[in-house]
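Numbering of the sequence shown is given in UniProt numbering, commencing with residue 1 and proceeding in unit increments. Glycine included, C-beta positions come from ideal geometry on N, C-alpha and C. Since we're looking at a predicted model, the values are computed, not measured. To start, the structure under review is shown below, and the notes come after it.
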Amino acid sequence: MVHVVVHPGFHKTGTSSLQSWLGQNRRALKPYLSFYGKADFLSAGSAARIFGQKPYPWRLRAFRRSFDRFLVKIPDAPVIVLSRETFSGSMPGHRRFPGRLIRNNRDVAVPLGRQIIAALQARFGAEVQITFLYTLRDRESWIRSVYGHLLRSIHLREDYDTFRARFPDLIDPRAEAEAIAKALGVAAHFVKLEDVGHRREGPASAVLDLLGVPQDVRDRLPAATRANSGQTLALEAEFLAMNRASRDKAALKAAKDAMLKTARIADIED
Numbered sequence: 001m002v003h004v005v006v007h008p009g010f011h012k013t014g015t016s017s018l019q020s021w022l023g024q025n026r027r028a029l030k031p032y033l034s035f036y037g038k039a040d041f042l043s044a045g046s047a048a049r050i051f052g053q054k055p056y057p058w059r060l061r062a063f064r065r066s067f068d069r070f071l072v073k074i075p076d077a078p079v080i081v082l083s084r085e086t087f088s089g090s091m092p093g094h095r096r097f098p099g100r101l102i103r104n105n106r107d108v109a110v111p112l113g114r115q116i117i118a119a120l121q122a123r124f125g126a127e128v129q130i131t132f133l134y135t136l137r138d139r140e141s142w143i144r145s146v147y148g149h150l151l152r153s154i155h156l157r158e159d160y161d162t163f164r165a166r167f168p169d170l171i172d173p174r175a176e177a178e179a180i181a182k183a184l185g186v187a188a189h190f191v192k193l194e195d196v197g198h199r200r201e202g203p204a205s206a207v208l209d210l211l212g213v214p215q216d217v218r219d220r221l222p223a224a225t226r227a228n229s230g231q232t233l234a235l236e237a238e239f240l241a242m243n244r245a246s247r248d249k250a251a252l253k254a255a256k257d258a259m260l261k262t263a264r265i266a267d268i269e270d
C-alpha cells in the first residue's frame, strides 16, 4: 500500500528550508521516500495559490486538472512526500479578489485538501494511506514573519502595528491546522518550527521523524541551512520607507532583492 505524506505548509513555517534539504538529498533518501517539492509541480502549486486568491469553482477545477497531470507522470513508490505551502492557499496578508484581506487558510485549504485526497485515491487506489503533515509556529512569531515576508515581496505600506491590527481574531496556527484536518477527515501530524528548526536537518526532520528514517542514514547527510530567511528590523524599516516612497513596483523589487542579497552575503562573511 502506498503512503503519501502531504505537507501543505503553512506559509512561513520553515517550508522553504524543508523543501530545499529534502530536494538536495533526494537520491540518498530514495530507499525511504520519494520527494516532490515546489519545482516538481509548479503548475499545480501556482493553480492552488490562484484559487486561494480567486476561490471560484473553475479555479478549483483547474488545480485538480493540474494536480492530476502531475500524479500521472510520477512513478509508483512505497512512500511519497509532496510539499507545497500553496496547497493551503495564498499567504494571509495578501488580498483576495476583489480586494478582501486574506485572514486565514481554512476557507480554501479544505476544498483544496479534498481535491488532493480525491486525486491521490484516483491515482493510487482507495486504500492509499494519506497523512497530512503541518509545520507550524507560535501565533505572534508567525504573523510577524508573514509581515516581514510581505514587506519585502509586495508593495506593503503599513507598519507592523497597523498590519497586526487587521487580524483581531487571528487563530493559532495549530488550532487552524487541526480544524482543517478534522474537516478533511484525514490523519494529521503537527510539528512546531520552534521544536525542529534548530535540529541538524532543520524543519525536514519533521518528515524524517514521521517516516522513521534511521539515524545513521541521517548522520551521513549534510546539515541543513536556512532558506528564505527574514531580514533585520533595520532592513524592514528601509523596505517600509521604500514601499511608501516608490510607485515603480518592478524597480522597487529589484532594489530590495539586491539589498537582501548584500545582507545575506555579509551575514555569511561574518
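*Straight-line CA distance for T162 to L29?*
45 Å
_Backbone CA spacing between E236 and K256 [nearest angstrom]_ = 10 Å
*Can the beta-carbon of F124 be found less than 9 Å from the beta-carbon of V5?*
V5 is positioned such that its CB atom lies no closer than 9 Å to that of F124.
_Please state whether the Cβ-Cβ distance between R157 and R103 is less than 9 Å._
Going by C-beta atoms, R157 is not nearer than 9 Å to R103.
_Taking 9 Å as the threshold (C-beta atoms), are H198 and L82 in contact?_
no
*Does DSSP put S34 in a helix, a strand or coil?*
strand
*asked:* Quick check on the DSSP output: the alpha helix (DSSP H) that includes A126 runs from which residue to which?
replied: No alpha helix (DSSP H) contains A126, which DSSP labels as neither H nor E.
_Nonlocal neighbours in the same chain, by C-beta distance under 8 Å from A254, ignoring five residues either side_ = none
*What three-state label does DSSP hand L156 in the structure shown?*
coil
*Pull up the distance between the alpha-carbon of Y160 and that of R244, whole angstroms please.*
Distance between the alpha carbons of Y160 and R244: 14 Å.
_Continuous alpha helix (DSSP H) assignments of at least 4 residues falling wholly in the stretch 173 to 210_ = 173 to 184, 193 to 196
_Residues near K38 in its chain [Cβ-Cβ closer than 7 Å; skip 5 each side]_ = Q19, G45, R84
*Could you tell me whether the stretch 133 to 146 touches the stretch 57 to 71, where touching means 3 or more Cβ pairs closer than 8 Å?*
no
*Might you give, ordered along the chain, the residues of its own chain that have their beta carbon closer than 7 Å to the beta carbon of A179, omitting 5 neighbours on each side?*
R106
_Suppose the cutoff is 8 Å on Cβ atoms and the five residues either side in sequence are ignored; what does the same chain contact list for L60 look like?_
Here the set comprises F51, P111, L112, Q115.
*How far does the alpha helix (DSSP H) with L71 in it reach, from first residue to last?*
57 to 73
*How big is the Cα-Cα spacing for A234 and R152?*
13 Å
*Residue range of the unbroken beta strand (DSSP E) whose run includes S83*: 79 to 83
_Quick check on the DSSP output: the alpha helix (DSSP H) that includes V213 runs from which residue to which?_
In the DSSP annotation of this structure, V213 is not part of any alpha helix (DSSP H), being labelled neither H nor E.
*Can you tell me the Cα-Cα spacing of P75 and L33, whole angstroms?*
12 Å
*Look at the Cβ atom of G93, then the Cβ atom of L150, and state whether they are nearer than 9 Å.*
yes
*E269, buried or exposed, once every other Cβ within 10 Å from all chains shown has been counted against 16*: Any answer about E269 is weak, because its pLDDT of 36 lies below 50 and its placement is not dependable; what the coordinates show is given next. E269 should be labelled exposed.
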